[in-house]
Amino acid sequence: MRRLVEANINPATGLATDYLNHFYEAIMLLELLPSCPDCRDDILAWRPMSYREHFAASAFSDRALAIAAYETVDAALRTRLEELATDMGALVAEIHTVLQANPAPGASDQLAVYTAAQLRPLAAQAAALINGSTEAPQAVIDGLMNT
520 MRRLVEANIN PATGLATDYL NHFYEAIMLL ELLPSCPDCR DDILAWRPMS YREHFAASAF
580 SDRALAIAAY ETVDAALRTR LEELATDMGA LVAEIHTVLQ ANPAPGASDQ LAVYTAAQLR
640 PLAAQAAALI NGSTEAPQAV IDGLMNT
């Protein structure tokens, strides 16, 4: 258990919040698009990754431990996290389609910001799962917004 804590892996869930950095990157890029049109290529290059894929490709020092711990995660918890990751990936895939169809700078700015806003509550739900929160997802989101 101490090893998990030292590796920033929640010992209660067996999950690491480092996985969410992948999705936070997409959110940040989408939010930046209106003021930084050069982010468009980075958004288009972003691809969803499973938990295992993220850690396998990561510079996370305890990536092998994160993957091994993931294999022991409660099946329902793992399934819900994977569903949220799939939903977040699908939202980014939708904005990819729009950006490819409308390459002019500024053409998709509002939709990019809207997509980021749609991703935030999903990421908050994923964070709640990873952190073992028993609060309802809306309570978690409200708490994040009030900090």
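Just remember that our numbering sits 519 ahead of the position in the sequence shown, which is counted from 1.
Even for Gly, the Cβ is constructed at its ideal location relative to N, Cα and C.
Using the Cα positions of residue i and residue j, report the straight-line distance between them to the nearest angstrom.
i    : j    : result
R559 : L552 : 6 Å
D561 : A642 : 20 Å
S627 : A564 : 16 Å
V611 : M520 : 35 Å
L534 : A585 : 7 Å
V617 : G625 : 12 Å
Q619 : T598 : 31 Å
V659 : I649 : At V659 the pLDDT is 47, less than 50, meaning the model places this residue with poor confidence and gives no usable figure here.
M607 : L638 : 6 Å
Is residue j closer than 8 Å to residue i when the C-beta atoms are compared?
i    : j    : result
N529 : D537 : no
A575 : R566 : no
The alpha helix (DSSP H) spanning residue i covers which residue range?
i    : result
V592 : Here V592 belongs to no alpha helix (DSSP H), and DSSP marks it neither H nor E.
State the DSSP-derived secondary structure class of residue i, mapped to helix, strand or coil.
i    : result
A642 : helix
A647 : helix
A578 : coil
Looking only at DSSP bridge pairs, what is residue i linked to?
i    : result
A623 : The partner list for A623 (beta bridge, DSSP) is empty, contrary to what the question assumes.
I528 : A535
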